[in-house]
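Asker: For the sequence shown, position 25 matches number 19 in the working numbering, and the numbering has no gaps at all.
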Amino acid sequence: MTSAATIRPFFDEPTNTVSYLVWDPATKRGAVIDPVLDWDNRSGT
């Protein structure tokens, strides 16, 4: 039996980006997709 992944977006105003929490309800395994994980706002990198 297969199950569909659950995806939950989170908007971050300071960086104006969306990060995602993705998980499989059947296995409880998941991942975080964060496009600005190591972003340093002061340096712009």
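For each residue, glycine too, the CB sits at the ideal point set by N, CA and C. Please read all numbers here as calculations on a predicted model, not as lab measurements.
Measure the C-alpha to C-alpha separation of residue 4 and residue -3 and round it to an integer number of angstroms.
Answerer: Walking along the sequence shown from the start, residue 4 turns up at place 10. Walking along the sequence shown from the start, residue -3 turns up at place 3. Computed Cα separation, rounded: 23 angstroms.
Asker: What does the alpha-carbon distance come out to for the pair residue 24 and residue 13?
Answerer: Start at 1 with the first residue of the sequence shown, and residue 24 comes out as number 30. Start at 1 with the first residue of the sequence shown, and residue 13 comes out as number 19. The straight-line gap from Cα to Cα measures roughly 13 angstroms.
Asker: Could you tell me how far apart the beta carbons of residue 16 and residue -1 are, in whole angstroms, since I believe they sit closer than 8 angstroms?
Answerer: By one-based count along the sequence shown, residue 16 stands at place 22. By one-based count along the sequence shown, residue -1 stands at place 5. About 6 angstroms; that satisfies the 8 angstroms criterion.
Asker: Could you please give the first and the last residue of the uninterrupted beta strand (DSSP E) stretch that includes residue 23?
Answerer: Taking the sequence shown and counting its residues from 1, the one referred to as residue 23 is at position 29. Where residue 23 is concerned, the enclosing beta strand (DSSP E) stretches over 23 to 27.
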